[in-house]
Amino acid sequence: MALVLIVLTLLLLAVIVGVLTLLIYKMSKTQGAQVNSAPPSEPQASKEADVSKSEFHPAILERMKDMERLKPKRADLFCPNHSEEPGETVCAICDKLFCRSCIKPFKTMHFCKEHLPLIMKYDWDEVLTLKTSTQDPEQGVRLFEAKKDIFQNEDIPTYVETHYKINVDQDYIETYLVLYAQKESIEIIREKFLSKINSLQ
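In short: position in the sequence shown from 1, add 415, done, that's this note's numbering.
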């Protein structure tokens, strides 16, 4: 009797193992078929993604052109050293926006890491002073344009400070824009940009 039970148990185990083996085989075959069928679908997806711009509606094409034009402007709003960090403060010399870690205060101004040593190393002197007012801001605008032009085209660093004076007689605050340059380049600025400076005064 015991021998019969052992034989039946062994037969039962053989059947269970056989069934499990068959199931595993079918599952592996199904997965292999799915893997083999995946690549044909990829070219279809890439074909759909590779759509010619000529197939877009003209309004969409125009919007795409606008986005391309906006990319450089968006880049100007972010730190040149850290493209993911928004610019917070403008360097007084190069007029670029920098994030908090890339710009340092010095006296009443802010300078990027590249130009801060320039400020501290050299002697700076006044080139010209302009009195400005809210009624006539044009002179101040032209001064900043000339400053930017001097730096971009001639690579001569300058910066502008805003000074305030109290006019006691007429009871109001006067605003002055003072352009500074390195002492050794003041004469060069006056010679090269005399017409620009004269037009500001």
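Even for Gly, the Cβ is constructed at its ideal location relative to N, Cα and C.
Keep in mind the model is a prediction, meaning the values are calculated, not measured.
Beta-bridge pairing of residue i - partner residues as DSSP gives them
i, result
"residue 547", "590"
"residue 501", "493"
"residue 580", "589"
"residue 596", "540 and 573"
"residue 519", "526"
Reduced DSSP secondary structure (H/G/I, E/B, other) of residue i
i, result
"residue 390", "Any question about residue 390 goes unanswered here, given that the chain covers just 416 to 616."
"residue 514", "coil"
"residue 574", "strand"
"residue 532", "helix"
"residue 564", "helix"
"residue 429", "helix"
"residue 442", "helix"
"residue 480", "helix"
"residue 455", "For residue 455, the predicted model reports a pLDDT of 48, less than 50, meaning its position is unreliable and no value from the coordinates is stated."
"residue 417", "helix"
"residue 473", "helix"
"residue 601", "helix"
"residue 465", "Its pLDDT being 45, under 50, residue 465 is placed unreliably in this model, and the value from its coordinates should be taken loosely. If DSSP states are grouped into helix, strand and coil, residue 465 belongs with coil."
Candidates the options, of which the one nearest residue i by Cα
i, options, result
"residue 601", "423, 543, 516 and 535", "543"
"residue 546", "563, 582, 515 and 512", "582"
"residue 597", "442, 513, 541 and 492", "541"
"residue 523", "565, 502, 576 and 564", "576"
"residue 590", "555, 424, 563 and 441", "555"
"residue 539", "599, 605, 561 and 441", "599"
"residue 606", "504, 515, 494 and 565", "565"
"residue 514", "494, 443, 520 and 521", "494"
"residue 625", "504, 437, 604 and 443", "Lying before the first or after the last residue shown, residue 625 is absent from the chain, which here runs from 416 to 616."
Contact test: residue i Cβ vs the ligand MG heavy atom, cutoff 8 Å
i, result
"residue 497", "Here there are no bound small molecules, and the ligand MG is not part of this structure."
Residue j beta carbon less than 9 Å from that of residue i
i, j, result
"residue 497", "residue 527", "no"
"residue 512", "residue 558", "no"
* Would you call the segment 507-523 and the segment 570-581 in contact, with 3 or more CB pairs under 8 Å? -> yes
* Meets three-Cβ-pair contact criterion under 8 Å: the segment 551-568 and the segment 519-537 -> no
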